[in-house]
Each structure stands twice: as C-alpha cells, then as structure tokens.
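Number of protein chains: 2
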Amino acid sequence: MNFASGLPDPRTIPKNEIKEIIAEAFEIYGYQVLQYSPSSGLSKLVKEVIKFVYRTRGLRANLNNVIIVSGSQQGLELVSRIFIDPGDIVVVEEPTYLLALNVFKLRKARIVSVPVDDEGMDVNVLEDIVKDLKKDGKKPKIVYTMPVAQNPTGVTMSINRRKHLLELAEKYNFIIVEDDAYGLLSFDYEQPPIASLMGLNNVVYISSLSKVLAPGLRVGYVIANENIINKMYVLKQFMDLGTSVLGQAIAQIALEKGVVDKNAEYAKRLYRLKKNLMIELIDGMFFSESWRSNPKGGFYIWVKLNKNIDTRKLFEQSKRNGVIFTPGANLCVNTYRCLDAMRLSYSNPSEDEIRIGIYRLSSLIREMANVS
Amino acid sequence: MNFASGLPDPRTIPKNEIKEIIAEAFEIYGYQVLQYSPSSGLSKLVKEVIKFVYRTRGLRANLNNVIIVSGSQQGLELVSRIFIDPGDIVVVEEPTYLLALNVFKLRKARIVSVPVDDEGMDVNVLEDIVKDLKKDGKKPKIVYTMPVAQNPTGVTMSINRRKHLLELAEKYNFIIVEDDAYGLLSFDYEQPPIASLMGLNNVVYISSLSKVLAPGLRVGYVIANENIINKMYVLKQFMDLGTSVLGQAIAQIALEKGVVDKNAEYAKRLYRLKKNLMIELIDGMFFSESWRSNPKGGFYIWVKLNKNIDTRKLFEQSKRNGVIFTPGANLCVNTYRCLDAMRLSYSNPSEDEIRIGIYRLSSLIREMANVS
Numbered sequence: 203m204n205f206a207s208g209l210p211d212p213r214t215i216p217k218n219e220i221k222e223i224i225a226e227a228f229e230i231y232g233y234q235v236l237q238y239s240p241s242s243g244l245s246k247l248v249k250e251v252i253k254f255v256y257r258t259r260g261l262r263a264n265l266n267n268v269i270i271v272s273g274s275q276q277g278l279e280l281v282s283r284i285f286i287d288p289g290d291i292v293v294v295e296e297p298t299y300l301l302a303l304n305v306f307k308l309r310k311a312r313i314v315s316v317p318v319d320d321e322g323m324d325v326n327v328l329e330d331i332v333k334d335l336k337k338d339g340k341k342p343k344i345v346y347t348m349p350v351a352q353n354p355t356g357v358t359m360s361i362n363r364r365k366h367l368l369e370l371a372e373k374y375n376f377i378i379v380e381d382d383a384y385g386l387l388s389f390d391y392e393q394p395p396i397a398s399l400m401g402l403n404n405v406v407y408i409s410s411l412s413k414v415l416a417p418g419l420r421v422g423y424v425i426a427n428e429n430i431i432n433k434m435y436v437l438k439q440f441m442d443l444g445t446s447v448l449g450q451a452i453a454q455i456a457l458e459k460g461v462v463d464k465n466a467e468y469a470k471r472l473y474r475l476k477k478n479l480m481i482e483l484i485d486g487m488f489f490s491e492s493w494r495s496n497p498k499g500g501f502y503i504w505v506k507l508n509k510n511i512d513t514r515k516l517f518e519q520s521k522r523n524g525v526i527f528t529p530g531a532n533l534c535v536n537t538y539r540c541l542d543a544m545r546l547s548y549s550n551p552s553e554d555e556i557r558i559g560i561y562r563l564s565s566l567i568r569e570m571a572n573v574s
Numbered sequence: 203m204n205f206a207s208g209l210p211d212p213r214t215i216p217k218n219e220i221k222e223i224i225a226e227a228f229e230i231y232g233y234q235v236l237q238y239s240p241s242s243g244l245s246k247l248v249k250e251v252i253k254f255v256y257r258t259r260g261l262r263a264n265l266n267n268v269i270i271v272s273g274s275q276q277g278l279e280l281v282s283r284i285f286i287d288p289g290d291i292v293v294v295e296e297p298t299y300l301l302a303l304n305v306f307k308l309r310k311a312r313i314v315s316v317p318v319d320d321e322g323m324d325v326n327v328l329e330d331i332v333k334d335l336k337k338d339g340k341k342p343k344i345v346y347t348m349p350v351a352q353n354p355t356g357v358t359m360s361i362n363r364r365k366h367l368l369e370l371a372e373k374y375n376f377i378i379v380e381d382d383a384y385g386l387l388s389f390d391y392e393q394p395p396i397a398s399l400m401g402l403n404n405v406v407y408i409s410s411l412s413k414v415l416a417p418g419l420r421v422g423y424v425i426a427n428e429n430i431i432n433k434m435y436v437l438k439q440f441m442d443l444g445t446s447v448l449g450q451a452i453a454q455i456a457l458e459k460g461v462v463d464k465n466a467e468y469a470k471r472l473y474r475l476k477k478n479l480m481i482e483l484i485d486g487m488f489f490s491e492s493w494r495s496n497p498k499g500g501f502y503i504w505v506k507l508n509k510n511i512d513t514r515k516l517f518e519q520s521k522r523n524g525v526i527f528t529p530g531a532n533l534c535v536n537t538y539r540c541l542d543a544m545r546l547s548y549s550n551p552s553e554d555e556i557r558i559g560i561y562r563l564s565s566l567i568r569e570m571a572n573v574s
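Here the protein sequences line up with chains A and B, keeping their order.
Here the numbering used here is used: the first residue of the first sequence is 203, the next is one more, and so on.
Here the numbering used here is used: the first residue of the second sequence is 203, the next is one more, and so on.
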C-alpha cells in the first residue's frame, strides 16, 4: 500500500487514446516527430497550451510568454537557476513540496516558511515576515506557492489571500512562483490561478500535463513575462537542448482534440471519490485527537496526529506492514513542527488498498500511542 | 542550405521501425510507458545500454555505473553541476562543441584550451599546461574531449595520445569527460573510447542515441564510477524527475532488437558518402591557401581560409544567399585564432544542397578575398 508516491491513478492515463494520437503524430509530423526541435518547444504545442490555459484557467498568455519544459520539475529548476543566488531568501509554504524545497536548498537559498491553514498560505504571516525583512534592507526573491489543491495539504488559497499576496509582491517587489500542478483537479469549483488576476508582472506560472494526461511524457510549461521566458530559453538549451519531441507532439494533439480536458474531468471525479473514501476511513479509524486537512483537490491529505508520535518511526513500522507514506518532517522547513504529521496520498492506490492500508495504519498508530 | 545545424539526415531516422517499436512498447509496458519511472532510468534500458556499449565500444559497465539522461547535453550539464565550482579550471579542445563551452562558462569555470590537430587534442600541450598549473598549486578539474570524430573537426585522437591523456589524468588527478556522441559514426575503423582502456577511474563517459536512432527521443546515458552516478541520480531527480519514459521504452526495444546497431551502420555509410562529396567540392572550389580537416567520422568539416576574411562577416553575406554555417569564432576560446575558420556540416543537407551551397560559398569567399 503506497500512500507515499505522487503517481496518478493508472485509470487516469488514457493509454488507448494516446496510442491513436501517436499514429496521428506520425501522420502529421512525419520523421520530424523524432528530429531535434527548438529548445523553446514545438510552436504548435505552444499555441495549444495558450488556448488550454485560457479556456481551463482563464489565464491569458501570448507566444512570447510560454516555454515548454520537461515537466513542472524542470520549471522549478529553471526558476531557481534564474532567480536564486546563494543566500537569497525564498519563502515556501509549510508544509510544502519536497522536491521544490530541495531545488531551492541546492541553490543555497535561505528558506523561510509560512504556515498553511484551511485558506491556504497565511498571507498575514508572510506580510509580517516581509516587513521585518524590509527593516534589514532585505526582501524575499521569490515566494513559492501552490494556491490550488496544495501539496501536501490539498487546501486552496482563498481569493482574498491571493489578492493580498499579489499586492505584497507588487509593493515589496518579489516574484510569486505559482505551481499549478493540481490546478485542474479542483473538486468543487474552479479556482483561478494568481497569474490570471492581474497579469504576469510579478508571477511565474508553472504547470504540466503529468496529472491530467500522462507523467511519462514529461511535458510541462512555464508562463511568465517575456524577459523571464527568454532567459529560460537559453538555459533550457544548455540543460537538455529541448523536451522530447514525440512527447510534445502527443501533448499538442491531445490538447487539440480535447482529450486532456475530457481526461481531467474524469480524473477529478475519480480523485474526489478516492479522497472521500480515505477521509471517511481516517475520520472513522484514527483517534479523535488527530487532525486532517480538508482537501479541495489534488492527490493528498495532511494528517497531524497531535500525539507524541514521531511519524518517521511510525514509517519504519508501517513499512514492515506493507504500508508507506511520507513523514511530515520531510516536507517542512521547521521539521520539529511536523514530527507528528504525515502526507497520505490517495491518487495511486486502489480503493481496496486504501481500505486495507488505512486500517493497518490506524492500528499501528493506536499501538504506538497506547490507545486502544 | 543549412551547413550550420547538427541535425541528422532524415534518412537515418528509422521512422517506420520506431512506429512498430512503439506498438510493442505499449504491449510490453502497458500504461507504465506513460507513468513516472525512476530518475535513474528504466532498468531494462540500463541493461540494454550496458550490452550495447560493450558490443559496440568495448566498454564494460555494471548497473551502478549508468544513468539514463535526456540526451548528451543533460550529461554535460550534470557533469558541470557536479564537478565545476566558480573559478575551477576546465580544459577544452580548440575548436570545441559550443554548448559544452557555454555550459562550462555558465558555471563560471576558467576555461583553458588545447589545440586539435590531425591526431586530435595535442596532449603534449596539455601536459605543459598541467605542469605549469601545478607550479601554482593548481590543476584542471576536468578535461573535456571528443576523442572520436571530434566536433567540429571530425578528427579522431590517436591511441597513443589517449593513453597519454589517461596517464596525465591519473598523475595529476583530473577527470576526463569523454563525449562519445559520434563514436558509432567512425568512417574507417572503430576507435575504442578512452573509458574502455583502463576502467572508469578517471573518466566520465557520455553518449546518446541522438545520432544513431532519433534525437527527438532525447535519450542518452552517462557511464562513470558509482560515486559519480549516485550524485547524478539525485541531481537528475531535481532537474526533471526522469527522462521521458516512452522515449526510454523505445530506446530499450530498439537496442534489444538490434535496430540501433543496424541503423548506425547505415548512417555511417551515408555520412561517409556525404563527407566525401563535400570534401571533393571544397578541394575543387575553395582557393588553394585554405585548409580543411580530414574528418574520420561524424557530421562536420573544419575549414580555415587562411586569408584575412572574418567568417562572421562572410556569414552575413552567405545568409542573404541562402547558405548558413557556423563561424569559427563561436567554437573557440581564443576567438582571434578562429576568425577565418568555419564549421561546415554535411549531416542534414541533401547531396544537391551540398553541391549548390558549397558552390555559392566558394564564390562569395573568392569575392571577399578578391581572388578571381
């Protein structure tokens, strides 16, 4: 039972449609689908991405605002290479996405965290931090946020906080790095990305097709102002010359034919069902002191046990029982605050695995807490 | 007429075989071909790469010595991230591969060049440089070389120089970064890579399937000792989570079925013909003072006009006449030494384009040199 991975449910990967799309890609592109292409991405794909983010996210972009990348992760890497020098201040949510944290650490950033509550990043806390920094003549270089279906809490930032965040970015002159990986997997109603509210001036928007089409294609995109995108073109060329052309051609046709839109709808419904199942089981089985987030979308639930249980030790035990998850400490800057927390992913395991796994996990937790 | 690009000849991209291989990949891997995979690469592909480099290049490696990368370029990026800190000394051949030079510069390396002659990098010059550095308590961190069919000269390093280079690496404790991108496109007889001569101790070997199968798949590999590969696993995960799984599955099956081996043989014969054609035209049409390299493989001829002609100016003129190439200054550390030089690529243009393009180019050169 793997509650640790961020792998999509196999049912959300439209294998047969993609097989057909590949045949079409060979028809349309011929051998070019296997040749080098520009580092910035296939222009036909860029055009489809522009239409896609407008129709699904209300985000306006033109040809000079987009670069195709090898998944969101490469977008984060490009951001960190362009904006972060050693010692620069990077603000992240706490808890946050592990591999973003690692990328920022690798650039020797000074990482500052802002807690997440039911309305997302606590922007008032951020404001205090930014004001304090200003007194020392400092400011954050970037603020990294996943405003919709945040990883690992699943919470979505309220519209007021998004606006507040944008005001702070403008006033204190920092860049908001908006990771919208789960933006199309919002369970209740669509939430506009920050980048769509007041233009691209202070926002770098990153997303991908990994959660709504197929992660193995490694196709994502960054949308930002032209200056930033131009810098990314150059760096991207040095890093890998360009993203898999076959993957790009598949993405282009899947977007054009509406396969991605349709598939995202299906995925969203499936993940909502699985989220509801896991939540029901947690609420029924975990002891009453424990707390869980209320995911508005995405792949994950954040659980705080509120008992003196180190989830890294729990992990060792549960692993022997065939259940893995992500210990909270891995996802926090202030690890001590997250020692009793854990991220549970419902995206990849089957419904039966969710039932069995949560049962085993709750038994182990009760054992460790000496609660019967 | 594009003599500037490093694109393979479309005839060397086995489109129909790859179409069939994709169908097989869906049979064998199912939806997994579209799912996330380990950052280190598909283990079945790693095994095929090990067999492939042994049977074609005599290079021995085990499972811990290999990482799959998104093309050679990503291999260079990983090398530079792992070995180079600002101010570190990196030795390159002169002339060399532009995007390697740029990657090293981006890491703020101090770049030192060693000239290339008909036997490849002049290792005696390198020895002098290394001895001088040692007097100041310094040494190169890495020495970057393309020993077979060097880009842009096409020359192959003699076996004595390769051994000499290895001795220096051992004695002065530096890493040889061996870029074998054109290693399977050696026109006369196979030349063993440096990494196959005395084990992997001081060598990082980089190659890819871009020139012998299809560049659009973005599949390459780095072979080195386990310590280095382990560092690359971690970095690669931060950079893009992993290489396109579909591309990896195609590569695995193409290697297993011998499609790559067969295709490389075909490509080698085709490029030899095109090289001979271009050489014949250059020798017949360029004026007698000019000098050209004698490529032993690969995609390129290096021409030195030995006249007071700046090839960057020539480029502007020839571009207007529909002929582009790479001015030599772009490929040199000491640009002044290469002002009258140019790289001419015969890989992508058709035979007719080569005939017309070289004719136009020679006319322009004669005009600029006032030679009739």
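Backbone N, C-alpha and C fix where the C-beta goes; we use that ideal spot for every residue, glycine too.
These numbers come from a predicted model, not from an experiment.
Considering only C-alpha positions, which residue in the set A:M487, A:S274, A:N204 and A:P297 is nearest to V357 (chain A)?
-> Ranking A:M487, A:S274, A:N204 and A:P297 by Cα distance to V357 (chain A) puts A:P297 first.
Are any of the Cβ atoms in chain B nearer than 8 Å to that of A416 (chain A)?
-> A Cβ of chain B is located within less than 8 Å of the beta carbon of A416 (chain A).
Determine the DSSP secondary structure at T347 (chain B), reduced to helix, strand or coil.
-> Strand.
Quick one: what's P216 (chain B) bridged to in DSSP?
-> BP columns for P216 (chain B) are empty, so no partner.
Measuring alpha carbon to alpha carbon, tell me which of B:G486, B:S412, B:G260 and B:P354 ends up nearest V294 (chain B).
-> Ranking B:G486, B:S412, B:G260 and B:P354 by CA distance to the CA of V294 (chain B) puts B:P354 first.
Output, in chain order, the set of chain A residues within a Cβ distance shorter than 8 Å of S547 (chain B).
-> Under the 8 Å cutoff, chain A gives no residues; its nearest Cβ is about 13 Å from S547 (chain B).
Same chain, Cβ closer than 7 Å to S574 (chain B), five either side skipped, listed in chain order = Residue placement at S574 (chain B) is flagged as unreliable, the pLDDT there being 45, under the threshold of 50; the coordinate-derived value follows with that caveat. Residues of the same chain with a CB within less than 7 Å of the CB of S574 (chain B), apart from the 5 flanking positions on each side, are R568 in chain order.
In angstroms with no decimal places, state the Cα-to-Cα distance between L335 (chain A) and A371 (chain A).
-> Their Cα atoms are separated by approximately 14 Å.
Leaving out five residues on either side along the sequence, give the residues of the same chain with a beta carbon under 8 Å from the beta carbon of R539 (chain B).
-> For R539 (chain B), where only same-chain residues beyond five positions count, the Cβ hits under 8 Å are E296.
Whole-angstrom distance between S552 (chain A) and D211 (chain B), CA atom to CA atom = Pairing D211 (chain B) with S552 (chain A), the inter-Cα distance amounts to about 47 Å.
Flag this pair as yes or no: are the beta carbons of S547 (chain A) and S274 (chain A) separated by less than 8 Å?
-> Result no, Cβ atoms of S547 (chain A) and S274 (chain A) do not sit closer than 8 Å.
Under a three-way DSSP split, which group does N508 (chain A) fall into?
-> Coil.
Taking only beta-carbon positions, decide if P297 (chain A) is within less than 8 Å of chain B.
-> Chain B contact via Cβ: absent.
Taking only beta-carbon positions, decide if D554 (chain B) is within less than 8 Å of chain A.
-> Under the 8 Å criterion on CB atoms, D554 (chain B) is classed as non-interfacial with respect to chain A.
In the segment 204-221 of chain A, which residues sit with their C-beta less than 7 Å from some C-beta in chain B, listed in chain order?
-> Contacts with chain B (Cβ-Cβ distance below 7 Å) from the segment 204-221 of chain A involve L209, P212, I215, K217, I220 and K221, listed in chain order.
P349 (chain A) versus R213 (chain B): straight-line alpha-carbon distance, rounded | In this structure, the CA atom of P349 (chain A) is about 48 Å from the CA atom of R213 (chain B).
Assigned exposure category for G385 (chain A) - 16 Cβ within 10 Å defines buried = Counting every other CB atom within 10 Å of its CB across the protein chains shown gives G385 (chain A) a total of 16 or more, marking it as buried.
Rounded to a whole number of angstroms, what is the C-alpha to C-alpha distance between G444 (chain A) and R262 (chain A)?
-> CA-CA distance, G444 (chain A) to R262 (chain A), rounds to 24 Å.
Does the separation of the CB atoms of K470 (chain A) and P497 (chain A) fall below 8 Å?
-> Their beta carbons are not under 8 Å apart, which means K470 (chain A) does not touch P497 (chain A) by this criterion.
Nearest chain B C-beta to S574 (chain A) closer than 8 Å, yes or no?
-> Because the pLDDT of S574 (chain A) is 45, which lies under 50, any placement of that residue in the model is unreliable, and the number read from its coordinates should be weighed accordingly. Look at S574 (chain A): its C-beta is not under 8 Å from any C-beta on chain B.
How would you list, in chain order, the residues of chain A whose beta-carbon sits under 7 Å from the beta-carbon of Y233 (chain B)?
-> Y233 (chain B) reaches chain A at P212, I215 and K217, counting residues in chain order whose Cβ is nearer than 7 Å.
Check the Cβ-Cβ distances between Q352 (chain A) and every residue of chain B, and say whether any is below 8 Å.
-> For Q352 (chain A), the answer is no, since every Cβ of chain B falls outside 8 Å of its Cβ.
For the alpha helix (DSSP H) containing I558 (chain B), list its first residue and its last residue.
-> I558 (chain B) -> alpha helix (DSSP H) spans E553 to A571.
Opening and closing residue of the beta strand (DSSP E) in which A543 (chain B) lies = Note, A543 (chain B): beta strand (DSSP E), A543 to S547.
Consider the Cβ of G500 (chain B): report whether some Cβ of chain A lies at a distance smaller than 8 Å.
-> At a cut-off of 8 Å between C-beta atoms, G500 (chain B) does not count as an interface residue with respect to chain A.
For E250 (chain A), is the classification buried or exposed, using 16 other Cβ atoms within 10 angstroms of its Cβ as the cut-off for buried?
-> Label assigned to E250 (chain A): buried.
Burial state of M203 (chain B), where buried means 16 or more other Cβ atoms lie within 10 Å = By the 10 Å Cβ count, M203 (chain B) comes out buried.
Any Cβ of chain B within less than 8 Å of the Cβ of L308 (chain A)?
-> Yes, because at least one Cβ of chain B sits closer than 8 Å to the Cβ of L308 (chain A).
C-beta neighbour in chain A for D463 (chain B), strict 8 Å = For D463 (chain B), the answer is no, since every Cβ of chain A falls outside 8 Å of its Cβ.
Looking only at DSSP bridge pairs, what is P529 (chain B) linked to?
-> B:M544, per the DSSP bridge assignment.
List the whole-angstrom C-beta distance separating G418 (chain A) from Y502 (chain B), where the pair is believed to meet the contact cut-off of C-beta under 8 Å.
-> That belief does not hold up - the Cβ atoms of G418 (chain A) and Y502 (chain B) are roughly 34 Å apart, past 8 Å.
Delimiting residues of the alpha helix (DSSP H) encompassing R471 (chain A) = Judged by DSSP secondary structure, R471 (chain A) falls within the alpha helix (DSSP H) whose first and last residues are V461 to M487.
Below-8 Å beta-carbon distance, S409 (chain A) vs any chain B residue = S409 (chain A) does not count as touching chain B.
Contacts of E279 (chain B) in chain A (Cβ-Cβ under 9 Å) = For E279 (chain B), the C-beta contacts it makes with chain A under 9 Å involve F440, M441 and D442, in order along the chain.
Exposed or buried, what is G449 (chain A) when buried is set at 16 or more other beta-carbons lying within 10 Å of its beta-carbon?
-> It counts as buried.
Say whether chain B places a C-beta atom closer than 8 Å to the C-beta of F489 (chain A).
-> No, F489 (chain A) does not count as interfacial toward chain B.
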